[in-house]
Amino acid sequence: MLTIALYLYSLLCLLSSTTATTPRYTPTDYFFLNSGSSSNATSQDSRSWDGDATSKFSPSNIDTTSSPFTTSEQDSSIPDIPFLTTCIFTSKFTYTFPIYSDPKFIHLYFYLATYSNLDRSKSYLSVTATNYTLLTSFNAFLNVFALVSQKSSLVKEFILNVRYTQKLDITFNPPPNLYTFINGIEVVSIPNNFYVKGVMENGFGSF
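With mature numbering (1 follows the signal peptide of the UniProt record, and there is no 0) as the guide, the letters of the sequence shown map in order to residues -20 to -1, 1 to 187.
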């Protein structure tokens, strides 16, 4: 028993020493877009979010190709940022981020509210990031309704190994005569040695 205790103590000391001597990772890129907002804001976790209506990462024709919307149905259990505002569009829409070539976390935020008089059953989108397809014919409402424990928000998470380019295009494309929406977009670099099985070989993974 004493031998096991000494082993565990030694292991804890080693882990503490390793953690103390390993430099903290600093992301090379980090972007937080609050869709449908015209101003910058700070979320509850102290992150600074750019309003996409005036962001340099948004398309230049954002005023004519999309509609901002602020919901009045906010669930008190989720934060206002980035879920309170949304960007609604009915045609292809691309955000462009200048980046370093390394792995990225991509989070897409959806809040399942009623937006104006739009039909929830007609909210579909496909999403691509550079040469990878993240989502195809995706309906956030149907995705959540299929869950045993339903909720009012949804975050789709992806890891993308971006190579040979210094530009990340995230394109949202709804089918003809339908619409789509997005509440927030997050792009953050992760360490090269952050290994998830299959991602580094294939360049893409979803969670």
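C-beta atoms are modelled at their ideal positions from N, C-alpha and C, and glycine is treated no differently.
Own chain residues within Cβ distance below 6 Å of residue i, not counting five before or after
i	result
glycine 107	As written in the sequence, residue 107 is valine, which differs from the glycine given in the question. So the qualifying residues of the chain are Leu114, Leu115, Phe152.
phenylalanine 12	Arg27, Trp29, Glu166
tyrosine 10	Val168
isoleucine 162	Ser15, Cys67
Beta-bridge partners of residue i, as assigned by DSSP
i	result
glutamate 166	Phe12, His87
alanine 93	For alanine 93, which the question treats as bridged, DSSP gives no partner whatsoever.
tyrosine 159	Ser103
proline 48	Cys67
Straight-line Cα distance separating residue j from residue i
i	j	result
threonine 50	phenylalanine 90	13 Å
serine 133	tyrosine 144	34 Å
asparagine 172	serine 96	43 Å
lysine 131	serine 40	34 Å
serine 19	proline 48	12 Å
lysine 147	leucine 122	32 Å
leucine 88	lysine 136	5 Å
leucine -7	proline 3	Unreliable placement is indicated for leucine -7, whose pLDDT of 42 sits below 50; the coordinate value is still reported in the next sentence. Using only the alpha carbons, I get a separation of about 16 Å.
phenylalanine 174	phenylalanine 118	28 Å
tyrosine 5	phenylalanine 125	38 Å
leucine 92	proline 156	22 Å
tyrosine 80	isoleucine 86	14 Å
threonine 8	threonine 94	37 Å
Cβ neighbours of residue i in the same chain (closer than 7 Å, five flanking residues each side left out)
i	result
serine 52	none
asparagine 64	One detail in the question is off: residue 64 reads as leucine in this sequence, not asparagine. Counting only Cβ-Cβ distances below 7 Å, and skipping sequence neighbours, we find Thr50, Thr51, Gln54.
serine 46	Cys67, Ile68, Phe69, Phe73
proline 78	Gln146, Lys147
threonine 160	Phe69, Ser103, Tyr104, Leu105, Phe152, Pro154
Top-ranked residue by Cα proximity to residue i, from the options
i	options	result
serine 23	Leu88, Leu92, Ser17, Pro59	Pro59
serine 38	Lys136, Asp149, Phe161	Asp149
phenylalanine 138	Ala126, Tyr159, Ser169	Ser169
lysine 36	Thr76, Asn119, Pro154	Thr76
valine 142	Thr110, Pro155, Pro3, Thr160	Thr110
serine 71	Ser57, Gly164, Thr6, Pro154	Pro154
glycine 164	Pro7, Asp32, Thr6, Tyr5	Asp32
aspartate 43	Ser56, Pro62, Asp25, Gly16	Gly16
leucine 98	Ser57, Lys84, Leu158	Leu158
proline 62	Ala21, Pro7, Ser101, Asp82	Ala21
arginine 100	Lys84, Pro83, Ala120	Ala120
Boundaries of the beta strand (DSSP E) in which residue i is found, first to last residue
i	result
valine 135	133 to 141
leucine 122	Unbroken run through leucine 122 is the alpha helix (DSSP H), 120 to 125; no beta strand (DSSP E).
aspartate 30	28 to 31
phenylalanine 152	147 to 153
proline 78	73 to 78
leucine 105	105 to 109
For residue i, the first and last residue of its enclosing alpha helix (DSSP H)
i	result
threonine 44	42 to 45
aspartate 60	60 to 63
Close beta carbons around residue i, own chain, < 8 Å, minus the five adjacent residues each side
i	result
threonine 34	Ser18, Ser19
Residue i CB to nearest heavy atom of the ligand MN below 7 Å
i	result
phenylalanine 37	Inclusion of the ligand MN in the displayed structure is not the case, the ligand content being empty and no account of it being possible.
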